[in-house]
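In this note's numbering, the protein residues as written are 4 to 392.
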Amino acid sequence: MDMISKLPPGIIETILCLLPIQEAARTSILSKEWRYHWIKIPKLVFDEDTFEEVSANGVEVSGWEPTFEAPNQRKKLTKRCRCFYAIFQVLLMHEGPIHEFTLSIDTDDSCVEIDQIIFHLSRKNTVKKLTLEFLWDYRLPKSLFSLHQLTDLYLIRCDVYYEPTFNGFSSLTSLWLEAVMTSKETLMHLLSNCPLLDTLYIWETTINVTDDSSIINLFECLPVIENLSIFSEVIESFAQGGVPRKLPTALIHLKYLCIESVSFIHIHGLPILGLLIRSSPNLEKLKIGILDDSFLKEAEKCYSLTVDDYSDIWLENLNELEIINMGRRMSGINVVKLILGKSPMLKKVKIFLDYYVTKDEELEITRSILYSSHASPMIKFDVKNRCNS
């Protein structure tokens, strides 16, 4: 008895969404009843790497050929061409809304196919979760800014630049920018037009300085932010006018803060951390990635600031602290001690030491931290050397 075919359409759709798109398409050969089930699934994932299948005799073949009855010449297409061929076939045949769309593919100087795909999605305008991951930089087309139903946007290794006609993503709650090239003007325009944004991840992103927007202007665009993961260099690009001690409007919704690539001897490193801590009264988890700052130029260093300048901070709701790349510098160790002494509700502390920390240094750092003053009596420590973790 065919139990699966008797399932409600919604459950069949869910099952097909869990399969790779090639496998979902292959279900069309099961029976006449199954021939068109897959063309209605709302989640489409295309990864160029999955379009390189090798047969038993070592010849690459395309998994789409039995589905679309393609001629044998299709086997001679490059992996990238097979991927685009499959995408266009699916989009041509697809019925109903597309709620999630993922494209992971290599790019070159000519990306007209990707432009066409994004344009098609903008015409359909049903996508809520969009992931675009490229191997090399690719400038996103204007049509991306017409996807007004987006709630989650993930952009990896691409260029995003200002579009004056952009009216905002009114439903966007999560934005992920990784290895993106953009400008201050673009970032400010984007963030200020996403009123519901509560999760922001900006990683290894290059910000071209095109205007004089300040750090205060940046965080004014994030009034309801709850989860923030950001590279220190991104905030530094807004620090030409200096780093204030505290934001005029507190980030009262911020519960999770991850600040990566921080140097505590950089002129803006400790001030930026202090600013965010002072301005986040409800912070529950703090994660700090410490930068190997041996390459810093002398003009970028500042030795006059000490943790004593931050004795006024108080992390009333912090219950978890994580430090990555803790080294031998006392500046980093003293920051950890400061946080321990200012966090009465702290329960978990995870410290991952730098690769170059020796066993003797590991023991010394651990003792220094464990025997420091703690505001919380219930801290559980976990100190690991990254070489052994």
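Where is the CB? At the ideal position from N, CA and C, for every residue including glycine.
Give the secondary structure of residue i by DSSP, where H, G and I count as helix, E and B as strand, and everything else as coil.
i: I293; result: strand
i: I268; result: coil
i: E181; result: strand
i: C305; result: coil
i: K2; result: Residue 2 is absent from the model: the chain starts at 4 and stops at 392.
i: D315; result: coil
i: T202; result: strand
i: K82; result: helix
i: I120; result: helix
i: N211; result: strand
i: P252; result: Sequence inspection shows Thr at residue 252; the Pro mentioned does not correspond to that position. Here T252 sits in coil by DSSP.
i: V48; result: strand
i: Y157; result: strand
i: I382; result: coil
i: E236; result: helix
i: S186; result: strand
Count the other CB atoms, across all protein chains shown, that sit within 10 Å of the CB of residue i; report buried if there are 16 or more and exposed otherwise.
i: F49; result: buried
i: M381; result: exposed
i: N328; result: buried
i: M191; result: buried
i: E263; result: buried
i: K345; result: buried
i: Y359; result: exposed
i: S376; result: exposed
i: I326; result: buried
i: I14; result: exposed
i: V93; result: buried
i: S314; result: exposed
i: G272; result: buried
i: V57; result: Because the pLDDT of V57 is 38, which lies under 50, any placement of that residue in the model is unreliable, and the question is left without a value.
i: N388; result: buried
i: V115; result: exposed
Shortest alpha-carbon distance to residue i belongs to which of the options?
i: T213; options: F234, T189 and I219; result: T189
i: I342; options: V246, L286 and Y358; result: L286
i: I117; options: L143, S217, K350 and L47; result: L143
i: D295; options: D52, C197, S217 and L356; result: L356
i: F148; options: H102, N322, E166 and S232; result: E166
i: T209; options: I280, I233 and E51; result: I233
i: L44; options: T369, T53 and F104; result: According to the sequence provided, residue 44 is Ile. The question's Leu does not apply to it. Minimum Cα distance to I44 is reached at F104.
i: I372; options: K362, T361 and I354; result: I354
i: L244; options: C224, V265, L260 and P274; result: The question names Leu, but residue 244 is Gly in the sequence shown. It is P274.
i: K46; options: R83, K82, D52 and P100; result: P100
i: N196; options: L321, H151, W206 and F91; result: H151
Within 7 Å: the Cβ of residue i and any heavy atom of the ligand GTP?
i: F298; result: As presented, the structure is devoid of all ligands, the ligand GTP included, so that no description of it is given.
**Request:** Take every Cβ of the region 201-220, pair it with every Cβ of the region 167-184, and state whether three or more of those distances are shorter than 8 Å.
**Result:** yes
Practice problem: Take every Cβ of the region 147-156, pair it with every Cβ of the region 182-190, and state whether three or more of those distances are shorter than 8 Å. | Solution: no
Report yes or no: do the region 116-128 and the region 167-174 share at least 3 C-beta pairs separated by less than 8 Å? no
If we require 4 or more residues per run, which alpha helix (DSSP H) segments fall completely within the region 321-357? 333-344
Item to complete: Indicate whether the contact test is met: 3 or more Cβ pairs, each with one atom in the region 129-140 and one in the region 85-92, closer than 8 Å.
Response: no
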